[in-house]
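Asker:
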Amino acid sequence: GAVVSQHPSRVICKSGTSVKIECRSLDFQATTMFWYRQFPKKSLMLMATSNEGSKATYEQGVEKDKFLINHASLTLSTLTVTSAHPEDSSFYICSALTSGNRELFFGEGSRLTVL
Amino acid sequence: AQKITQTQPGMFVQEKEAVTLDCTYDTSDQSYGLFWYKQPSSGEMIFLIYQGSYDEQNATEGRYSLNFQKARKSANLVISASQLGDSAMYFCAISPSYGKLTFGQGTILTVHP
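So the protein sequences, as listed, match chains A and B.
So in this note's numbering, the last one in the first sequence is 117, and the numbering has no gaps at all.
So in this note's numbering, the last one in the second sequence is 351, and the numbering has no gaps at all.
1. My output table needs one value for residue 323 of chain B: the three-state DSSP class, helix, strand or coil.
2. Whose Cβ in chain A lies nearer than 7 Å to the Cβ of residue 283 of chain B?
3. Hey, residue 101 of chain A and residue 33 of chain A are a contact pair by Cβ (cut 8 Å); roughly how many whole angstroms apart?
4. Please decide whether residue 343 of chain B counts as near chain A, where near means a Cβ-Cβ distance under 8 Å.
5. Could you give the residue range of the beta strand (DSSP E) that holds residue 34 of chain A?
6. Going straight from the alpha carbon of residue 336 of chain B to that of residue 253 of chain B, what length do you get?
7. State buried or exposed for residue 6 of chain A, treating a residue as buried only when at least 16 other CB atoms are found within 10 Å of its CB.
8. Looking at the C-beta of residue 30 of chain A, does it have a partner C-beta in chain B at a distance below 8 Å?
9. From residue 106 of chain A to residue 326 of chain B, what does the alpha carbon distance come to, in whole angstroms?
10. Count the CB pairs spanning the segment 241 to 250 of chain B and the segment 258 to 268 of chain B that are closer than 8 Å, and state whether there are at least three.
11. In terms of residue numbering, what span does the beta strand (DSSP E) encompassing residue 182 of chain B cover?
12. Below 8 Å between beta carbons: does that hold for residue 81 of chain A and residue 71 of chain A?
13. Just the Cα atoms here: how many angstroms apart are residue 20 of chain A and residue 49 of chain A?
14. Count the CB pairs spanning the segment 312 to 329 of chain B and the segment 274 to 294 of chain B that are closer than 8 Å, and state whether there are at least three.
15. How is the beta strand (DSSP E) around residue 66 of chain A delimited, first residue to last?
16. Please confirm whether residue 84 of chain A has its beta-carbon closer than 8 Å to some beta-carbon of chain B.
17. Please confirm whether residue 338 of chain B has its beta-carbon closer than 8 Å to some beta-carbon of chain A.
18. For a quick check, are the C-beta atoms of residue 76 of chain A and residue 8 of chain A less than 8 Å apart?
19. Between residue 250 of chain B and chain A, is there a C-beta pair that is closer than 8 Å?
20. Short of 7 Å in beta carbon distance, which residues of its chain neighbour residue 344 of chain B, apart from the five on each side in sequence? Order them along the chain.
21. So the beta strand (DSSP E) residue 79 of chain A belongs to, where does it begin and stop?
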């Protein structure tokens with residue numbers, strides 16, 4: 003089946019630095035990808051919808067200047083957490099929607115820890 | 239706007255028994271999809287089952303079945319013959335258009351030997 007890969011799976015960074023997380027569809031083209039954030043034992047909260055070649059659509063309450071999303075190709079969307087702080091520590095998960103039969107696949111998730 | 243409510247923070251079941259995980263939803267959309275995902279401790283989201291709002295028959299996928307009661311706005315997941323590997327967090331989700339999901343709070347299922 004289709005595979006969505008996230009990289010890195012785990013990242014630890016210092017407060018104030020920026021971190022980039024990649025979401026890549028390995029064997030299909032995805033014009034639309036979604037980014038979620040999940041705190042431990044909590045629900046997944048949609049952060050933004052990433053559309054190839056256009057600006058991302060952010061959910062209410064999500065800081066677009068802090069969470070930069072770029073979807074420059076049909077197989078890659080990136081989430082950059084800028085000037086990260088400890089409260090940004092979380093599990094970030096992406097999903098990708100196939101163009102044809104409209105199936106949805108999730109990445110393995112990326113765990114960010116900000117010290 | 240859509241909302242999913244899972245009222246069971248945790249559930250316990252004996253191996254080989256069946257278990258029902260509750261899910262109720264609220265939406266103003268006429269057409270929508272309901273999903274169940276399993277999330278083991280590794281964090282990956284594993285798709286289990288899907289029910290379309292216009293599907294008249296309850297969805298089934300192997301040991302998973304979805305008890306869809308549209309008038310009551312409920313979409314409970316039934317797992318038959320539970321296995322130790324079923325222990326995980328389970329999420330119910332709704333989508334008015336394919337891809338953009340609203341998740342419930344989740345239910346942690348523990349299967350006892």
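All residues carry an ideal CB built from backbone N, CA and C; glycine is no exception.
Keep in mind the model is a prediction, meaning the values are calculated, not measured.
Answerer: Reading from the atomic positions:
1. helix
2. 95 and 108
3. 5 Å
4. yes
5. 34 to 40
6. 34 Å
7. buried
8. no
9. 21 Å
10. yes
11. A query on residue 182 of chain B cannot be resolved here, the shown segment of chain B reaching from 239 to 351 and no further.
12. yes
13. 18 Å
14. yes
15. It is not in any beta strand (DSSP E) - residue 66 of chain A carries neither H nor E in the DSSP assignment.
16. no
17. yes
18. no
19. no
20. 244, 327, 328 and 329
21. 78 to 83
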